[in-house]
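Asker:
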Amino acid sequence: MSTEAVAKRLVAMCRHGQFEEAQHELYARHAVSIEPEAAANGPLGNVQGLEAILEKGRRFQAGVAQVHAVEVSEPLVAGHWFCLTLSMDVTMKERGRMTLSEVCVYHVQDDKIVSEQFFYDMG
């Protein structure tokens, strides 16, 4: 599967709320997940390995009371890299309703995502 095919598959699955399924299907077992520096040591911080990435996603979902909308841009592909924007309108259990917006950058090797890195404003 080409980087473009991986990117399009990830976008399609995320648009249907299939985040964990996408990780199982598209991520390498040794993949890494990187947050902005200010969040790197928090509960959803930097992790390595598919199981740790899945657990990170479960911790995020545990804090969500309701998802109102998810928007995922078309991917931009360059070589073995792609990026997209993700925006979620959610009600968080501890913080109320908010919009979360981020730029997501992915690296693909051997047809699998080996790294994801997120860029967003804290606060």
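Residue numbers for the sequence shown follow our numbering, beginning at 1429 and rising by one. For each residue, glycine too, the CB sits at the ideal point set by N, CA and C. Here the structure is a predicted model, which means the values were calculated and not measured.
Measure the C-alpha to C-alpha separation of E1522 and C1511 and round it to an integer number of angstroms.
Answerer: Residue mapping note: residue 1522 aligns to position 94 of the sequence shown, counting from 1. Residue mapping note: residue 1511 aligns to position 83 of the sequence shown, counting from 1. Those two C-alpha atoms are separated by around 30 Å.
Asker: Classify M1516: buried if its beta carbon has 16 or more other beta carbons within 10 angstroms, exposed otherwise.
Answerer: To locate residue 1516, count along the sequence shown from 1; it is residue 88. M1516 is buried by the Cβ-count criterion.
Asker: Given a threshold of 16 other Cβ atoms within 10 Å of its Cβ, counted over all protein chains shown, does L1504 qualify as buried or as exposed?
Answerer: Your numbering for residue 1504 matches position 76 in the sequence shown. Burial call: exposed.
Asker: Taking the beta strand (DSSP E) that L1504 belongs to, which residues open and close that run?
Answerer: In the sequence shown, the residue the question calls residue 1504 occupies position 76. It spans 1504 to 1506 - the beta strand (DSSP E) in which L1504 sits, taken as one unbroken run.
Asker: Measuring alpha carbon to alpha carbon, tell me which of M1429, A1450, T1431 ends up nearest L1438.
Answerer: Position 10 of the sequence shown holds residue 1438. Checked all of M1429, A1450, T1431; the closest Cα to L1438 is A1450.
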